[in-house]
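So the structure is just underneath, and the comments pick up after that.
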Amino acid sequence: DKLLTYIIEATKDTENTQVRIASVAVLRAISGTVHGVQNMVSHPSVFEALILGLKDSTDAVWFSCKECLIQLSKNENGAKEFFSLSLQKILRDTANSSTHVSIRVFETILGMASRSETALEQLKKTNWFQLLANCIKNEEDVLIRLNSIELVMEIARANRSSQPYADQLLLSLFKNYNLTAIVSQIIKASHSDEIDPSDPYISFVIPQILLLTGAVAVSCPPNSELAESLNSAGIIDSALILMTSSSDPQVIEGSLCCLGGLVMHSNNSEPFSTEKFRNCFAKHFFAANESVKIAAAGTLARFILSPIEETGFQLYEYLASYSKSPTLDYLIRASKLENYQITDSVYSIISSILKSKEGLKIITATDNGQKLVNWLIDRNTDSRKIGKEVKFSFVKELNSHKDHTICLASNYQSELKVFLIHGPYRQVAEPEVATEQF
1341 DKLLTYIIEA TKDTENTQVR IASVAVLRAI SGTVHGVQNM VSHPSVFEAL ILGLKDSTDA
1401 VWFSCKECLI QLSKNENGAK EFFSLSLQKI LRDTANSSTH VSIRVFETIL GMASRSETAL
1461 EQLKKTNWFQ LLANCIKNEE DVLIRLNSIE LVMEIARANR SSQPYADQLL LSLFKNYNLT
1521 AIVSQIIKAS HSDEIDPSDP YISFVIPQIL LLTGAVAVSC PPNSELAESL NSAGIIDSAL
1581 ILMTSSSDPQ VIEGSLCCLG GLVMHSNNSE PFSTEKFRNC FAKHFFAANE SVKIAAAGTL
1641 ARFILSPIEE TGFQLYEYLA SYSKSPTLDY LIRASKLENY QITDSVYSII SSILKSKEGL
1701 KIITATDNGQ KLVNWLIDRN TDSRKIGKEV KFSFVKELNS HKDHTICLAS NYQSELKVFL
1761 IHGPYRQVAE PEVATEQF
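Using this note's numbering, the first residue of the sequence shown is number 1341, and each one after it goes up by one.
Shown next, in the form of structure tokens:
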């Protein structure tokens, strides 16, 4: 107990940065054990020291303080102590000290609530959710606005195994604190003829808002309250307008990601059945801008996985008529580029297609079957371990598909089986010719 008191006092050493860094590093190590957490939670001043540490100008110090607080919140008593009235006053004073410190406070609180049910329930009793929603619609401070959006997006994209309460956290934010309405209002205002002059930074904010909406929609469980809330807000229509009318690559990327997320929960194909939409989508799919190209590929993959998968396959086939060459040819060429983000976006499309009987028929039609198999068993198209594993999973999927025998000739089936026997990592030796040097 005396040692812990000494370490806590060392975190307040304003003259020696190295002492502060070392002391919070020790606290972080202690918080990594069950016994250590119990000791820290029972110590009266540890929370105050860690909260004040969020104001530290040294990244290593405030980051370790944040991680310690998140660890302590996993303990039921620790979460309750953090949200006690006395510490909440200190936390508010800390958040009010500057814009960047307030972002750290929000990051800490969201990190706690996404990992601890007790912390989430305690958070609902405070007004921190409302403050965060206010930051997202803040028309005066674009920095805190963008950072607040980014924090919520990180929760949407979080690994659910390490942050199991992320979905409940998002539901509270979007439904109970009206964030759905705020997001919808901002997106609609961005293409309105009468843009509010009091919001001069909307052009900076709209791409992030679109990306946030898409990320949250992708993370939603099917038929969830949050998915229904987003789909009933009229965001799809606004995102379609932006996708088909904007010339800003960031807005186009954001609108594509937004549509890709929302379509996962939509049964209405009508908005996507127009020639204007298909033509614009194809233009973005083959765009020179790599971010737009990647976003379009991800959106196509989600269309194919959505309740309106037929629309996704119609888009896939429309791309061929737009480019006047088979879509599979383009995907194979794109997968061999040095940009692995593009390669991964190709994988997402192939993965979506192989999951359905209709997709299997389309991708193996005419001579596509030979092209697909040749690409799958070519071990030199992706040197990454993850790339080899993905292609191996495709071969397993194709080989185990009950309908693959209808679509693929017997010689292709045998090639796939040989590939599976050798596993994903087999190295094919290149023949070398010995030459004399003179």
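Think of the CB as a built atom: it goes at the ideal place given N, C-alpha and C, for glycine as much as any other residue. No experiment lies behind these values; they were computed from the predicted model shown.
- Closest by C-alpha distance to D1588, out of F1653, H1531, N1478, S1569, is H1531.
- By a beta-carbon distance limit of 8 Å, V1558 contacts M1604. Their separation comes to about 7 Å.
- Cβ neighbours of F1544 within its own chain (closer than 6 Å, five residues either side excluded): V1482.
- With respect to C1598, T1651 sits apart: the two C-beta atoms are not nearer than 8 Å.
- Secondary structure of P1764 (DSSP, three-state): coil.
- F1621 is the residue among I1634, S1512, F1621 whose C-alpha sits nearest the C-alpha of Y1658.
- Residues of the same chain with a CB within less than 8 Å of the CB of I1495, apart from the 5 flanking positions on each side, are L1450, S1454, Q1503, A1506, L1509, L1510 in chain order.
- By the beta-carbon neighbour count (other beta carbons within 10 angstroms, threshold 16), R1444 is buried.
- With respect to T1721, K1676 sits close: the two C-beta atoms are nearer than 8 Å.
- Boundaries for K1395: no alpha helix (DSSP H) harbours it, and the DSSP string shows neither H nor E there.
- Spatial neighbours of K1728 in its own chain (CB-CB distance under 8 Å, excluding positions within 5 residues in sequence) are listed in chain order as R1719, D1722, P1764, Y1765.
- Within a 10 Å sphere around the beta-carbon of V1381 sit 16 or more other beta-carbons, which makes this residue buried.
- The beta carbons of A1473 and L1431 sit no closer together than 8 Å.
- In this structure, T1520 lies near L1570, with their beta-carbon atoms less than 8 Å apart.
- In the DSSP assignment, F1732 falls within the alpha helix (DSSP H) that extends over 1725 to 1740.
- In the DSSP assignment, T1639 falls within the alpha helix (DSSP H) that extends over 1630 to 1645.
- CA-CA distance, I1689 to E1490, rounds to 26 Å.
- In this structure, K1515 is the residue among D1433, H1440, K1515, R1497 with its C-alpha nearest to the C-alpha of Q1470.
- In this structure L1486 is not in contact with T1434, their Cβ atoms being roughly 21 Å apart against a cut-off of 8 Å.
- Taken through DSSP and simplified to helix, strand or coil, G1652 comes out as helix.
- M1493 is positioned such that its CB atom lies closer than 8 Å to that of L1551.
- In the assembly as shown, G1600 is a buried residue. Its beta-carbon has 16 or more other beta-carbons within 10 Å.
- Scanning its chain for C-beta atoms nearer than 8 Å, with the 5 sequence neighbours on each side dropped, one finds around I1546 the residues I1526, I1527, S1530, L1582, V1591, G1594, in chain order.
- A1498 carries a coil assignment under DSSP once its states are collapsed to helix, strand and coil.
- Annotated as distal: V1364 and N1415, with beta-carbon spacing of 8 Å or more.
- Here F1759 carries a helix assignment [DSSP, helix/strand/coil].
- The three-state secondary structure of G1418, taken from DSSP, is helix.
- Contact between L1716 and F1734 is confirmed by a C-beta separation of about 6 Å, below the 8 Å threshold.
- By the criterion of a C-beta distance shorter than 6 Å, C1560 is surrounded in its chain by L1566, A1567, once the five residues flanking it on both sides are discounted.
- With respect to L1602, I1644 sits apart: the two C-beta atoms are not nearer than 8 Å.
- Our two residues, F1732 and R1497, have alpha carbons roughly 26 Å apart in a direct line.
- With a cutoff of 8 Å on beta-carbon distance, K1420 and T1458 are scored as near each other.
- T1721: not part of any alpha helix (DSSP H); DSSP gives it neither H nor E.
- L1344 is not a Cβ neighbour of H1375, given a cutoff of 8 Å.
- The C-beta distance from V1713 to E1755 rounds to 6 Å, short enough to meet the 8 Å contact threshold.
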